[in-house]
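First the structure, in the form of structure tokens, and then the observations on it.
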Amino acid sequence: MELWIGALNLGFLYAFMTMGVFLTFRVHDFPDITVDGSFTSGAALAAVLIVAKVHPLIALLAAFAVGAAAGAATSFINTRFNVNGLLAGILVMTGLYSINLHIMGRSNIPLLDQATFPDYLEAVNPGLHPEAWITLILLPVMLAFWLLTGLFFKTDLGISMRATGNNPIMAAAAGVDVARMKTFGVALANGLVGVSGGLVAQYQGFADIGMGMGTIVIGLAAVIIGESLIRSRSLYAKVLSVIVGSIIFRMLIAGALFLGMNPIDLKLLTAVFVLTTLVASRALTHGTGLTEDRRRWSLSQPIWRRIGLGAAALLTAMVLVWTYRTPGGVPNPSSRTAKIGVLQISDHGLLNITRDSLIEELARLGYKNGDHCTIDLANANGDLPTVNTILDKFIQDGMDVIVPISTPCTQAAINKVKDRPVVFATVANPFIIGAGRSATDHLSNVTGVYGWVPMDKTMELVRSIIPGRMRIGSIWDPAHANSVFNVTLLEDAIRGNPDVTLIGATISSSSEVYQAALSLVQKDIDAFLLVPDNIVYSAFESVVKAARPKHIPIFLSDVERLGDGALGALGYDYTASGIQAARLVERVLKGENPRDIPFERYHQLTVGINLKVAKELGMTIPQGVLEKATRVYGGDNSRAVLDAAQ
Amino acid sequence: MAGCRYALASMGQHDEEVMIRITQLHKTFNPGTVNEVHALRGVSLQMRAGEFVSLIGTNGSGKSTLLNGVAGTFLPDSGTVEIAGEDVSCRMDYQRARHVSRVFQNPFMGTAADMSVVENLHMAYLRGKRSYPKVGLTRERREVYREQVKLLEMQLEDRLDDVIGTLSGGQRQALTLLMAIISKPKVLLLDEHTAALDPKSAAQVIHLTRRFIAAQQLTTLVVTHSMQQALELGDRTVMMNKGEIIDDISREEKQHLTVNDLLDKFAELRKAERLTEDMLEALRREYL
């Protein structure tokens, strides 16, 4: 049941956002993209205030205010400066990215130890399942939201607002200041979006700079799904359809995961589902302006509606049968097998290495999928709400251990999963996300492997190849906590060495990396040292392209990327992370309490050198460095030399 | 906003009898571009309270622009517009809406298609008032609207909750007319409001127009394309050409005029070189 209740709760929380999208898209006929930014703004401000010990309800009011301000800015730009509405929204959304970072002060604010609204609710929980209790509380809230919003649209202000959206010329003739009314409407809409962001942040246990991405699409999909399911002219029905659409959208994703669909296909599924509902609902539309041929379709409309209802009923029945067939959390004691749920945030090189080595080591330890245990591998493909839904599914499927790989997954997992062990892997710093205060003093159901990149050792490698005075250039995304943390480590490694200067350039998307690299080349750097940063590493080729003409060597932390044109790499071997995590999983499955298992740091370093690149640059690599290297690329007999040395 | 500054300087004394006073109104659209149009060239017009004036002229003569100048959809380059002694030259349309209501040529323009008949009427009732988040459309108000809709004699009283989009063009235009007078404006502006209707609906709407204007003694300015209508409707007929008023026919004069007389008048004007031969031809084509 957890999967469905979790989806229902997410649907409720996202309903405020969906209502905002309905207000702009349907009532004001205004394609407002601001929501991608204002959703995060609401989450960011709410999180900051909650950390400052402000009551969650007041934090939500502030989330409303900041969202409304963003909406007002968009509408102001649109109406006063006559900038196209879509463009105005894009401008504000883009600007909000910086503002949100300023609000948060970093890219991610954990709320695990803070008093959020689920905590307040939990304090008065009469003993129900926490998620079910949230649902029970949210139900009357949503009911009130529904009735109040419906009523609002029927007030004089609501009627004026709807008329303004429907026919601005008529509204102006009736004395409505169209620009002001539009600004008010768009502000109100984004205020609701901000509230939604504030609620979701509290529910998932953190606010993240990237959590608003794609919100507009989700909102539009939910609005369209809702209005094709509930077709009525009644205002109350329309408002209800928005809330229902938001829930159905979450249920759809939960259902797809439930049926074992690859999360990669979720976006495609969304698009197909929305298109199908659009087309199907048009077939059901009776009415004006149809050709004779089409009218015959609409004459047979009751039949179509019945078919539609029948299909819906069938689907519901299937889902129910499935629910009963899969005994959620009640394993059959006679054929007890271990169930392990592995979840990663995206298809990233390091994460894949961790996952593969984890699976391999588990198999070696006797936990092979389908043999003595079930291993469920899930990938959220970068979508944070999906992470929550996957976790709900893991809980529902009665996983014995949940293994989140990567920081965001771990953050969501330790927030949601309280009743079973969580073993995280490939997390840079578990302490800043609230998993524990120290390696031994941590959440009682959580353990795992972590480690930040040894920038000091990387610097040593750089210095042993390039001694003397040097200028180091580095590029990172300031919106990512991990990247910023890694830069501090690098600064620490350089501090106290007057010969080395660090020159930085920041980016916010992979398309900016090339230009940032060029700017550093222009500043006469002697080497690139790239701290781990997902965006920069994904655009590594851009750095190579900028560095090559000036013969500037590149160092980084990911040995896997060495073959692409870097001179040297030093980092942790993430296979170690997977292997160590697998061993922790085994200990937990054997009955050890996670509370008694200290967090482990990965210990295995890898050092790599690309001799081909060294030759191109006209550099010689000291024999001592080569001897320490665990991987050497492009040498003629270097492998042999290395093997001999070892 | 040069026109606005000019306007403030020329505030005159208010004559109780005068409802609309337009003084030396100038407007050029798209100045400095190839699309530059000098739509109004110093138009002056006075209308007494309760006067009903019809405005004729060829396409591009500036008659609709003059009407919009009174409505406030644009601000003049220079000149003033006074309504009931108040200089409104610098006010936008929504600010003038308390006193001025409009019926457009396009029957879809005057109503909100996705909203119900009562909601549209309520919007009209809210004209010039502030709309608060309170339920103003009460059961009592609905009954008021039901009675008012009965005046249209279109059985719309049974369709109060129907969405406007489901009504015919004639019904929509009749409703727009009702909406225009429901909050008792000082000035009613009709912009060829029957031109897009079929003859039967047009006759119905004209009939209603006459009744409402007579009942409320409204100061009305109507732009029309029909010479017959121009003669039958209203006290005065004003003729425009190239952004200027070229003739002003009084009620007394009109009583003896036929459509042919009007055309003769055009011919006379041509002799006085105020109308060119092709302008006259255009007028003939349009009005006959």
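So the sequences go chain by chain: C and D.
The first sequence begins at 1 in our numbering and counts up by one.
The second sequence begins at 1001 in our numbering and counts up by one.
No residue lacks a Cβ here, since even glycine has one placed at the ideal position from N, Cα and C.
No experiment lies behind these values; they were computed from the predicted model shown.
Beta-bridge pairing by DSSP links Gln344 (chain C) to C:Asn379, C:Ile405. Taking Lys1265 (chain D) as reference, the option from D:Glu1252, D:Asp1248, D:Asp1278 with the minimal CA-CA separation is D:Asp1248.
Residue pairing of Ile503 (chain C) in beta bridges, as defined by DSSP: C:Gly473.
If the five residues before and after Leu1160 (chain D) are omitted, its C-beta is found closer than 8 Å to the C-beta atoms of Ser1116, Val1117, Val1118, Arg1142, Tyr1145, Arg1146, Val1149, all from its own chain and listed in chain order. Within the same chain, Cβ atoms closer than 8 Å to the Cβ of Thr1058 (chain D) are found at Asn1241, Met1279, Ala1282, Leu1283, Glu1286, the five residues on either side in sequence being excluded. By the Cβ-count criterion, Pro1133 (chain D) is exposed, with fewer than 16 other Cβ atoms from all chains shown falling within 10 Å of its own Cβ.
Here Ser357 (chain C) is buried: its Cβ has 16 or more other Cβ atoms, across all protein chains shown, within 10 Å. Within the region 176-196 of chain C, Val176, Asp177, Val178 place their CB atoms closer than 8 Å to a CB of chain D, listed in sequence order. Note on the region 556-621 of chain C: whole beta strand (DSSP E) runs with a minimum of 3 residues are 568-572, 605-610, in chain order.
Nearest Cα to Val92 (chain C) within the set C:Ala428, C:Leu562, C:Ala187: C:Ala187. As DSSP reads the structure, Gly436 (chain C) sits in a beta bridge with C:His442. Per DSSP, Lys1027 (chain D) lies in no alpha helix (DSSP H); the unbroken beta strand (DSSP E) holding it starts and ends at 1018-1029. Sorting C:Gln522, C:Glu560, C:Ile552 by C-alpha distance to the C-alpha of Ser538 (chain C) places C:Glu560 at the top. Around the C-beta of His102 (chain C), fewer than 16 other C-beta atoms lie within 10 Å, and the residue is accordingly described as exposed.
For secondary structure counted as the alpha helix (DSSP H) over 4 or more consecutive residues, the region 138-183 of chain C holds these complete runs in sequence order: 156-166, 168-173. C:Glu541 is the residue among C:Glu541, C:Gly37, C:Leu192, C:Asp371 whose C-alpha sits nearest the C-alpha of Ser511 (chain C).
Distance check between Arg355 (chain C) and each of C:Val403, C:Ala629, C:Gly366, C:Thr337 places C:Val403 closest, using alpha-carbon atoms only.
Distances from the alpha-carbon of Ala173 (chain C) to those of D:Thr1166, D:Gly1169, D:Gly1170, D:Ile1181 put D:Ile1181 closest.
DSSP lists D:Val1163 as the beta-bridge partner residues of Ser1116 (chain D). Judged by DSSP in its simplified three-state form, Ile134 (chain C) adopts helix. If you draw a straight line from the Cα of Gln515 (chain C) to the Cα of Phe273 (chain C), it is about 40 Å long.
Collapsing the DSSP output to three states places Gly1136 (chain D) in coil. In the DSSP assignment, His1038 (chain D) falls within the beta strand (DSSP E) that extends over 1037-1048. Residues of the region 1142-1162 of chain D with a C-beta less than 8 Å from any C-beta of chain C: none at all. Chain-order list of chain D residues neighbouring Leu157 (chain C): Ser1131, Tyr1132, Pro1133, by C-beta distance under 7 Å. Separation of the CB atoms of Ala68 (chain C) and Gly194 (chain C) is rounded to 7 Å, and the pair is thereby assigned contact status at 8 Å.
If you ignore the 5 residues before and after Asp558 (chain C), its C-beta comes within less than 8 Å of the C-beta of Gly349, Leu350, Pro532, Tyr537, Ala569, Gly571, all in its own chain and listed in chain order. Excluding five sequence positions before and after Lys628 (chain C), the CB atoms of its chain that fall closer than 8 Å to its own CB belong to Val607, given in chain order. Look at Arg233 (chain C) here: in three-state DSSP terms it is coil, with no helix or strand label. Cβ neighbours of Thr506 (chain C) within its own chain (closer than 8 Å, five residues either side excluded): Ile475, Trp476, Asp477, Pro478, Ala516. When the five nearest sequence neighbours on each side are left out, the beta carbons in the same chain lying within less than 6 Å of the beta carbon of Ser75 (chain C) are those of Lys182, Thr183, Val186, in order along the chain. Between the region 616-635 of chain C and the region 587-598 of chain C there are fewer than three C-beta pairs closer than 8 Å, too few to call the two in contact. Under the three-state reduction of DSSP, Lys393 (chain C) is assigned to helix.
Burial of Phe12 (chain C) is indicated by the presence of at least 16 other C-beta atoms within 10 angstroms of its C-beta.
With a threshold of 7 Å between beta carbons, Ala380 (chain C) makes no contact with chain D. Interface residue (Cβ-Cβ distance to chain D less than 7 Å): Asn167 (chain C) is classified as such.
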